[in-house]
Amino acid sequence: EPEVTQTPSHQVTQMGQEVILRCVPISNHLYFYWYRQILGQKVEFLVSFYNNEISEKSEIFDDQFSVERPDGSNFTLKIRSTKLEDSAMYFCATWTGRGTGELFFGEGSRLTVL
Amino acid sequence: GEDVEQSLFLSVREGDSSVINCTYTDSSSTYLYWYKQEPGAGLQLLTYIFSNMDMKQDQRLTVLLNKKDKHLSLRIADTQTGDSAIYFCAESSVGTGRRALTFGSGTRLQVQP
Numbered sequence: 002e003p004e005v006t007q008t009p010s011h012q013v014t015q016m017g018q019e020v021i022l023r024c025v026p027i028s029n030h031l032y033f034y035w036y037r038q039i040l041g042q043k044v045e046f047l048v049s050f051y052n053n054e055i056s057e058k059s060e061i062f063d064d065q066f067s068v069e070r071p072d073g074s075n076f077t078l079k080i081r082s083t084k085l086e087d088s089a090m091y092f093c094a095t096w097t098g099r100g101t102g103e104l105f106f107g108e109g110s111r112l113t114v115l
Numbered sequence: 315g316e317d318v319e320q321s322l323f324l325s326v327r328e329g330d331s332s333v334i335n336c337t338y339t340d341s342s343s344t345y346l347y348w349y350k351q352e353p354g355a356g357l358q359l360l361t362y363i364f365s366n367m368d369m370k371q372d373q374r375l376t377v378l379l380n381k382k383d384k385h386l387s388l389r390i391a392d393t394q395t396g397d398s399a400i401y402f403c404a405e406s407s408v409g410t411g412r413r414a415l416t417f418g419s420g421t422r423l424q425v426q427p
């Protein structure tokens, strides 16, 4: 079964450092998403991406965050200058763009900011 | 904004039925979903229901939707220890163009052998 793959599975970084999280979407999917889950809290929407541009973003997705799909395969989330409160599990999800809106999630990248 | 609420914890004995409840605020919700998260894993879609349906059954899973009260439930029949996980309710509103899912905080289901 096709799946969404994310790397790294776990990253530890110092506060103020830049972090890039990577996602390889399912090949025929057109919509891509990043969600995050702070330990013990809700899964929160960050951003959606379609046709090489952001289609929707939440209040969490401020100027410190950016997304791109530089090579037509990887979909990346960049955090420019990490803060302690960015520590969370970051999930990539993808959707075909048709049907019931089922999102397929990756296994997540755990980010720990020290 | 949209909000989805769930109780945090449910404990049942193996073989019993589990019922996980969810309430949501957005009356324009189009699809409602149940996702399962096992320890260290991503979110796996279990089932979904379209907002014009009252009930959907899929093997051991039964989803009930009360659109008037904005209440969604997931019933797991004959609960097994392998069903122990966190269950997330989520909704989306296609009609308003809001595709992104809004998730509840998750209900941790513990199944006692």
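Heads up: the sequence lines are chains A and B, in that order.
The working numbering puts the first residue of the first sequence at 2, with every later residue one more than the last.
The working numbering puts the first residue of the second sequence at 315, with every later residue one more than the last.
Note that beta-carbon positions come from the ideal geometry of N, C-alpha and C, so glycine has one too.
Only a predicted model underlies this, so the values are computations on that prediction, with no experimental measurement involved.
In this structure, SER110 of chain A places its C-beta atom within 9 angstroms of the C-beta atom of GLN12 of chain A.
Shown here for SER387 of chain B: same chain residues with a beta carbon closer than 6 angstroms to its own, the five before and five after excluded, namely VAL333, ASN335, LEU378 in chain order. Only buried fits GLU405 of chain B, as 16 or more other CB atoms lie within 10 angstroms of its CB. In this structure, the CA atom of ALA89 of chain A is about 33 angstroms from the CA atom of ASP372 of chain B. Here TYR338 of chain B is not near TRP348 of chain B, since their CB atoms are 9 angstroms or more apart. VAL68 of chain A and THR77 of chain A have their C-alpha atoms spaced approximately 5 angstroms apart.
By the neighbour-count criterion, in which a residue is buried when 16 or more other Cβ atoms sit within 10 angstroms of its Cβ, ASP392 of chain B is exposed. Along the region 92-106 of chain A, the positions whose C-beta sits under 7 angstroms from a C-beta of chain B are PHE92, THR101, GLY102, GLU103, LEU104, PHE106, read in chain order. Under a 10 Å Cβ-count criterion, GLY107 of chain A is classified as buried, with 16 or more other Cβ atoms of the shown protein chains found around its own Cβ.
Against chain A, the beta carbon of SER419 of chain B has neighbours under 8 angstroms at GLN42, LYS43, listed in chain order. Around the Cβ of PRO71 of chain A, a 10 Å sphere holds fewer than 16 other Cβ atoms; the residue is exposed.
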